[in-house]
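**Student:** Each position in the first sequence, counted from 1, maps to that position plus 2 in the working numbering.
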Amino acid sequence: MLELADAQHTDRKTLFVEVILPLTIAINYTYRIPYEMNGQVEVGKRVVVQFGKSKIYTAIIAHITEQAPAKYEAKYIMDILDAEPIVNAAQLQFWTWLADYYLCNIGEVMNAALPSALKLASETKIELNKEFEIDRSTLNDREFLIVDALELQPELTVSDIAKLLGQKTVMPILKLMFEKNIIHISEEVNDRYKPRRRTFITLNPVYHNQDQLKELFSILEKRAPKQADAVLAYIQLSRKQKTISKNELIEASGASATAIKGLIEKEVLFAEEKTVSRLIDADDELESNFELSPAQKVALTEIQDGFTQKDVLLLHGVTSSGKTQLYIRLIEQMVNNGKQVLYLLPEIALTTHIVERLRRYFGNSIGVYHSRFNDNERVEVWQKVLTGQYRVVLGARSSVFLPFSDLGLIVVDEEHETSYKQFDPAPRYNARDAAIYLGNMYRAKVLLGSATPSMESFFNAHNGKYGFVQLTERFGGVQMPQIEVVSIAEETKKKTIQSHFTSVLMNDIHTALAAKEQVILFQNRRGYAPVIICKVCAYTPKCINCDVSLTYHKSSGKLHCHYCGYREESPSVCPACGSTQLEYKGFGTEKVEDELKLLLPDARIARMDLDTTRSKNGFQNILNDLDEKRIDILAGTQMVAKGLDFAGVTVIGIISADSLLKYPDFRANERAYQLLAQVSGRAGRRGKQGKVVIQTYDPNHRVIKQVIDNDYVDLYNTEMTERKSFKYPPFYRLIQLDIKHKDPEVLYHQAEYLAKELRKHFDDRVIGPEYPLVGRIRNYFIKSIMMKFEKEGISMPKVKATIREVILQYNTTKLSKGSIVQPDVDPY
DNA sequence: AGCACGCCGACT
DNA sequence: GTCGGCGTGCTC
Numbered sequence: 003m004l005e006l007a008d009a010q011h012t013d014r015k016t017l018f019v020e021v022i023l024p025l026t027i028a029i030n031y032t033y034r035i036p037y038e039m040n041g042q043v044e045v046g047k048r049v050v051v052q053f054g055k056s057k058i059y060t061a062i063i064a065h066i067t068e069q070a071p072a073k074y075e076a077k078y079i080m081d082i083l084d085a086e087p088i089v090n091a092a093q094l095q096f097w098t099w100l101a102d103y104y105l106c107n108i109g110e111v112m113n114a115a116l117p118s119a120l121k122l123a124s125e126t127k128i129e130l131n132k133e134f135e136i137d138r139s140t141l142n143d144r145e146f147l148i149v150d151a152l153e154l155q156p157e158l159t160v161s162d163i164a165k166l167l168g169q170k171t172v173m174p175i176l177k178l179m180f181e182k183n184i185i186h187i188s189e190e191v192n193d194r195y196k197p198r199r200r201t202f203i204t205l206n207p208v209y210h211n212q213d214q215l216k217e218l219f220s221i222l223e224k225r226a227p228k229q230a231d232a233v234l235a236y237i238q239l240s241r242k243q244k245t246i247s248k249n250e251l252i253e254a255s256g257a258s259a260t261a262i263k264g265l266i267e268k269e270v271l272f273a274e275e276k277t278v279s280r281l282i283d284a285d286d287e288l289e290s291n292f293e294l295s296p297a298q299k300v301a302l303t304e305i306q307d308g309f310t311q312k313d314v315l316l317l318h319g320v321t322s323s324g325k326t327q328l329y330i331r332l333i334e335q336m337v338n339n340g341k342q343v344l345y346l347l348p349e350i351a352l353t354t355h356i357v358e359r360l361r362r363y364f365g366n367s368i369g370v371y372h373s374r375f376n377d378n379e380r381v382e383v384w385q386k387v388l389t390g391q392y393r394v395v396l397g398a399r400s401s402v403f404l405p406f407s408d409l410g411l412i413v414v415d416e417e418h419e420t421s422y423k424q425f426d427p428a429p430r431y432n433a434r435d436a437a438i439y440l441g442n443m444y445r446a447k448v449l450l451g452s453a454t455p456s457m458e459s460f461f462n463a464h465n466g467k468y469g470f471v472q473l474t475e476r477f478g479g480v481q482m483p484q485i486e487v488v489s490i491a492e493e494t495k496k497k498t499i500q501s502h503f504t505s506v507l508m509n510d511i512h513t514a515l516a517a518k519e520q521v522i523l524f525q526n527r528r529g530y531a532p533v534i535i536c537k538v539c540a541y542t543p544k545c546i547n548c549d550v551s552l553t554y555h556k557s558s559g560k561l562h563c564h565y566c567g568y569r570e571e572s573p574s575v576c577p578a579c580g581s582t583q584l585e586y587k588g589f590g591t592e593k594v595e596d597e598l599k600l601l602l603p604d605a606r607i608a609r610m611d612l613d614t615t616r617s618k619n620g621f622q623n624i625l626n627d628l629d630e631k632r633i634d635i636l637a638g639t640q641m642v643a644k645g646l647d648f649a650g651v652t653v654i655g656i657i658s659a660d661s662l663l664k665y666p667d668f669r670a671n672e673r674a675y676q677l678l679a680q681v682s683g684r685a686g687r688r689g690k691q692g693k694v695v696i697q698t699y700d701p702n703h704r705v706i707k708q709v710i711d712n713d714y715v716d717l718y719n720t721e722m723t724e725r726k727s728f729k730y731p732p733f734y735r736l737i738q739l740d741i742k743h744k745d746p747e748v749l750y751h752q753a754e755y756l757a758k759e760l761r762k763h764f765d766d767r768v769i770g771p772e773y774p775l776v777g778r779i780r781n782y783f784i785k786s787i788m789m790k791f792e793k794e795g796i797s798m799p800k801v802k803a804t805i806r807e808v809i810l811q812y813n814t815t816k817l818s819k820g821s822i823v824q825p826d827v828d829p830y
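Listed below in structure tokens is the structure:
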């Protein structure tokens, strides 16, 4: 009796929940729970709520209370969607931290964290899942109605469906249909990642028998000599390498594709299509059941020991030193201890290939999470992490939001990569830094790995905040490319330079082309000429928005602003004085391509920059052309540097290193080092040493020396000394102001005003406003500022509180609205 | 994020 | 005289 009374009492309790709405709102809102749902209320479950006049959203329960709000009447929640929480307490803590650290709203974090299928709202678009055969007999009336409607009109919103059914609560129905794979929650369609497929050839094992083989040859030589050649070439190749691709076989044998096809039809050869990596090294490093080299074994022990002292550890390993193998060993250990592992990779490095390799070790317990996966797939991964089915997750930055329960290790590969930083919508977080916090929360170990670590991580390792392990030895006999520095000034004097190409570079290009090898030329500038200047009156066309000189693009015949996208017709006479003597100064990839075509009319030359890859499959097409040897020389911007595998490339030419070395940015040297090292790394392949030609006016530049010597420590030391004597502190914190105004002039003044206000609180510790990239750009979002903490022990929370306050005042003075955001690295 | 309210410019 | 531009404020 007593128990029953108690239960009834609980049922009668009036419960309220604070919910997180997936919106840009500063606070959480409170809703009331209908009595009959009291038993189901739990933090982390999704609820359906009405917010505002007519809109319906999916929200997350953040807090449960019996306290009724004093100042307003709470609305009832409409529904509880989940039987079990889909977000755990740790995640909510993580979201709160992220919102605080990056100065944004928790709703924005929720938006970034949850796949859109988990946050149905009235405006969400629903469509049928085309890959799913619907068995109508299994549908109930309402489902039937929805499917019918969707067949007439392929896309309906949630509120359309509510109207159709004549009822308000449609979310649970849609949720179920989504889970049954009947419907798709549509979202912006990202280009899905297309893995590179290759056909591999193997010999029918029958012919491993010498007699059979001889017999085969005697037949083939008479009737199909080309096919005999191909088989011979196969046998020769198979002595050198384990896997032979169709392309390699065609190249080595000189036989045609039809000859090979004929052999496949006769079942002499077997063909098998496989996914291969676009990344270098992956193939060689990850043979199954690999053995660690002595150097790797030492490093592994050091990492394990390091983790007993420190929670975060930086692994500095030169390119091709086999870091991935170490990760695998560490992951194995963690998984054996029953812990979960998160393996973070920069966006571009996520290939199904690496997954396949890892699957070999971890079977079906490995999941992949990636923005190019569709929502159904993303939700699936989410659920499998939640239920603990996935023990290892390989993913891009957004995978820090997955519902881990007992994370033991986080690996952040290519730790320095800027793609870990989300720039555009809030939360403007850096997944590497977030991973460190995440690790701390779960008492998990964090391993940062890179061949060219970021300054701040190196700094932290140096100061003992992080542990530090080095791997200086290359794995498996891959040779470092030969780097030659050529003085442009000297060749100009000797008149041995043609256009922008020194004799040294031209010789190497000729050698490569003669050997049917490929060349990449790197020039860190798009367009044809970055500046036009009138020889008579010195007038230079500038962007009306940004105050920077406009770049001439020959392909469009227009002048482009590379910061805001503004375009205008290219003038034929000087707009100021009417003179026809317009000089095109400097050069970009277009000009490199153009002039090279004049010098080498027979070579197949292509260009890879933002302009040629903007179209849907532009990037992919160029890669494929390069792969299949339809391109001899590729001229490109930074894009060519990003870890992609250009197997046939043996020569790299850096047309002018000076644009890198003279970047007006205080992280210029660090970036120059990384870029030069990365570009250089593209040269050569297994068994063939690459050649890198660096053309420059400043052959003695210390960064060039550091790249040649592979001396990251020297780079770090000189940078730190220089920064100390510089007007900036060695590290500063960047506050990114998310102010949007159409008039850049206004925007600029707003940023200045804010910096001035902040200076009232922080004096000279505020630097700025500063703009992304070049000094005078008035860009869409403005980066301001900050500040030195070394002295006076101002705590970060206090700083943040003050910034909030200033922004708040700023908002109320109606100069602007806009939220504050704070990205970048906090090494303190 | 939506949506309403409200105040100034070019139109049937 | 209105229609409609977007600036501002509010949503439990």
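Idealized CB from N, CA, C, for every residue including glycine.
For PHE621, collect the residues of the same chain with a Cβ closer than 7 Å to its Cβ; drop the 5 residues on either side in sequence, then sort them by chain order.
**Tutor:** In the first sequence, counting from the first residue as 1, residue 621 sits at position 619. Closer than 7 Å at the Cβ level, and outside the excluded window around PHE621, lie THR615.
**Student:** Apply the 10 Å Cβ neighbour rule to ASP415 and answer buried if 16 or more other Cβ atoms are within range, or exposed otherwise.
**Tutor:** Translated into positions along the first sequence, residue 415 becomes position 413. By the neighbour-count rule (16 or more Cβ atoms within 10 Å), ASP415 is buried.
**Student:** Can you grab the Cα-Cα spacing for the pair GLN698 / THR454, in whole Å?
**Tutor:** Locating residue 698 in the first sequence gives position 696, where the first residue counts as 1. Locating residue 454 in the first sequence gives position 452, where the first residue counts as 1. Note that residue 698 is Thr in the sequence shown, not Gln. Cα to Cα, the separation comes out at about 22 Å.
**Student:** Distance check for HIS512 and LEU602, CA to CA, integer angstroms please.
**Tutor:** The residue you call residue 602 lines up with position 600 of the first sequence. The residue you call residue 512 lines up with position 510 of the first sequence. One C-alpha to the other measures close to 9 Å.
**Student:** Would the beta-carbon of GLU275 fall within 8 Å of that of THR201?
**Tutor:** Locating residue 275 in the first sequence gives position 273, where the first residue counts as 1. Locating residue 201 in the first sequence gives position 199, where the first residue counts as 1. Cβ atoms of GLU275 and THR201: closer than 8 Å.
**Student:** Is LYS248 closer than 8 Å to ILE262 when the C-beta atoms are compared?
**Tutor:** Residue 262 sits at position 260 when you count from the first residue of the first sequence. Residue 248 sits at position 246 when you count from the first residue of the first sequence. Contact: yes.
**Student:** Can you list, in chain order, the residues of its chain whose CB lies under 7 Å from that of SER452, leaving out five sequence neighbours each side?
**Tutor:** Indexing the first sequence from 1 puts residue 452 at position 450. HIS318, GLU416, GLU417, HIS418.
**Student:** Would ILE706 and ARG684 qualify as a contact pair, given that the criterion is a beta-carbon distance under 8 Å?
**Tutor:** Looking up residue 706 in the first sequence gives position 704. Looking up residue 684 in the first sequence gives position 682. Not closer than 8 Å, so no.
**Student:** Given a threshold of 16 other Cβ atoms within 10 Å of its Cβ, counted over all protein chains shown, does PHE18 qualify as buried or as exposed?
**Tutor:** By one-based count along the first sequence, residue 18 stands at place 16. Counting Cβ neighbours within 10 Å, PHE18 comes out buried, since at least 16 surround it.
**Student:** Assess contact between the stretch 69-78 and the stretch 100-110, defined as three or more Cβ pairs (one per stretch) separated by less than 8 Å. Is contact present?
**Tutor:** The stretch 69-78 is not in contact with the stretch 100-110.
**Student:** Measure the alpha-carbon distance for ALA514 versus LYS644 and round it to whole angstroms.
**Tutor:** Along the first sequence, read from residue 1 onward, the residue named residue 514 stands at position 512. Along the first sequence, read from residue 1 onward, the residue named residue 644 stands at position 642. Going by the C-alpha atoms only, they are around 22 Å apart.
**Student:** Thinking C-beta only, is PRO543 closer than 8 Å to GLY590?
**Tutor:** Mapped onto the first sequence, residue 590 falls at position 588. Mapped onto the first sequence, residue 543 falls at position 541. The answer is no: Cβ separation not under 8 Å.
**Student:** Taking the runs of the beta strand (DSSP E) that are 3 residues or longer, which of them lie wholly in the stretch 671-719?
**Tutor:** Listed in chain order, they are 693-698.
**Student:** Buried or exposed for TYR1, going by 16 or more other Cβ atoms inside 10 Å?
**Tutor:** Since the first residue shown for the chain is 3 and the last is 830, residue 1 is missing from the structure and cannot be characterised.
**Student:** Count the other C-beta atoms from every protein chain shown that fall within 10 angstroms of the C-beta of TYR37, then say buried if there are 16 or more, exposed otherwise.
**Tutor:** As a working note, residue 37 is residue 35 in the first sequence. Classification for TYR37: exposed.
**Student:** Among VAL506, ARG527, CYS576, which residue has its Cα nearest to the Cα of ILE534?
**Tutor:** Within the first sequence, residue 534 is the residue found at index 532, counting from 1. For ILE534, the nearest C-alpha among the options comes from CYS576.
**Student:** Would LEU152 be called buried (16 or more neighbouring beta carbons within 10 Å of its own) or exposed?
**Tutor:** By 1-based counting over the first sequence, the position of residue 152 is 150. Classification for LEU152: buried.
**Student:** Report the CB separation of ALA232 from LEU265 in whole angstroms; it is logged as a contact under 8 Å.
**Tutor:** Locating residue 232 in the first sequence gives position 230, counting from the first residue. Locating residue 265 in the first sequence gives position 263, counting from the first residue. ALA232 to LEU265, Cβ: 6 Å. Contact.
**Student:** Look up ASP81 in the DSSP assignment and give the residues it is bridged to.
**Tutor:** Taking the first sequence and counting its residues from 1, one reaches residue 81 at position 79. Paired residues: VAL50.
**Student:** Is the beta carbon of VAL709 sitting closer than 8 Å to the one on LEU663?
**Tutor:** On the first sequence, position 707 is the one that residue 709 refers to. On the first sequence, position 661 is the one that residue 663 refers to. Not a contact, by the Cβ cut-off of 8 Å.
**Student:** Any heavy atom of the ligand COA closer than 7 Å to the Cβ of TYR345?
**Tutor:** Looking at this structure, you won't find the ligand COA or any other ligand, since it has none at all.
**Student:** Just checking my contact of TYR371 with ARG359 at CB under 8 Å: how many whole Å lie between their CB atoms?
**Tutor:** The sequence position of residue 371 within the first sequence is 369, counting from 1. The sequence position of residue 359 within the first sequence is 357, counting from 1. Going by Cβ atoms, the distance from TYR371 to ARG359 rounds to 17 Å, so no, they are not a contact pair.
**Student:** Taking 8 Å as the threshold (C-beta atoms), are PRO87 and GLU44 in contact?
**Tutor:** The sequence position of residue 44 within the first sequence is 42, counting from 1. The sequence position of residue 87 within the first sequence is 85, counting from 1. Yes, these two residues count as a Cβ contact at 8 Å.
**Student:** Rounded to a whole number of angstroms, what is the C-alpha to C-alpha distance between LEU523 and ALA637?
**Tutor:** Sequence index remark: in the first sequence, residue 523 carries index 521 (1-based). Sequence index remark: in the first sequence, residue 637 carries index 635 (1-based). C-alpha separation (whole angstroms): 5 Å.
**Student:** Let me know the alpha helix (DSSP H) ranges lying completely inside the stretch 415-477, each 4 residues or longer, listed in chain order.
**Tutor:** Listed in chain order, they are 433-444, 457-464.
**Student:** Under a Cβ-count criterion, where at least 16 other Cβ atoms within 10 Å of its own Cβ denotes burial, should SER220 be classed as buried or exposed?
**Tutor:** Along the first sequence, read from residue 1 onward, the residue named residue 220 stands at position 218. Classification of SER220: exposed, given that the 10 Å Cβ count is below 16.
**Student:** By the DSSP assignment, the beta strand (DSSP E) with ARG144 in it spans what residues?
**Tutor:** Along the first sequence, one-based indexing puts residue 144 at 142. Segment 143-154 is the alpha helix (DSSP H) holding ARG144; no beta strand (DSSP E) there.
**Student:** Closest to ILE128 by C-alpha separation, out of GLN424, GLU135, SER118, ASP137, would be which residue?
**Tutor:** Within the first sequence, the letter at position 126 stands for residue 128. For the residues GLN424, GLU135, SER118, ASP137, the minimum Cα distance to ILE128 belongs to SER118.
**Student:** Quick one, which of ALA578, LYS495, ASN339, LEU717 has its alpha-carbon nearest ASN671's?
**Tutor:** Along the first sequence, one-based indexing puts residue 671 at 669. Ranking ALA578, LYS495, ASN339, LEU717 by Cα distance to ASN671 puts LEU717 first.
**Student:** Taking the continuous alpha helix (DSSP H) assigned at LYS248, which residues delimit it?
**Tutor:** Position 246 of the first sequence, counting from 1, holds the residue named residue 248. Where LYS248 is concerned, the enclosing alpha helix (DSSP H) stretches over 248-255.
**Student:** May I ask which residues mark the beginning and end of the beta strand (DSSP E) holding THR32?
**Tutor:** Reading the first sequence from its first residue, position 30 is the one you call residue 32. Looking at the DSSP string, the run of the beta strand (DSSP E) that includes THR32 is 31-34.
**Student:** Can you tell me which residues form a DSSP beta bridge with HIS318?
**Tutor:** As a working note, residue 318 is residue 316 in the first sequence. For HIS318, which the question treats as bridged, DSSP gives the partners SER452, GLN472.
**Student:** Given that a residue counts as buried once 16 or more other Cβ atoms are within 10 Å of its Cβ, and exposed if not, what is ILE490?
**Tutor:** Within the first sequence, residue 490 is the residue found at index 488, counting from 1. ILE490 is buried by the Cβ-count criterion.
**Student:** How far does the alpha helix (DSSP H) with THR60 in it reach, from first residue to last?
**Tutor:** In the first sequence, residue 60 corresponds to position 58, counting from 1. Note, THR60: premise wrong, no alpha helix (DSSP H); beta strand (DSSP E) at 57-67.
**Student:** Check for me: the beta strand (DSSP E) holding SER489 runs from which residue to which?
**Tutor:** Residue mapping note: residue 489 aligns to position 487 of the first sequence, counting from 1. Counting along the chain, the beta strand (DSSP E) containing SER489 begins and ends at 484-489.
**Student:** Using 10 angstroms around the beta-carbon of GLU832, count the other beta-carbons present and answer buried if the total reaches 16, otherwise exposed.
**Tutor:** Summary: the structure shown does not reach residue 832, with the chain confined to residues 3 through 830, and so no result is reported for it.
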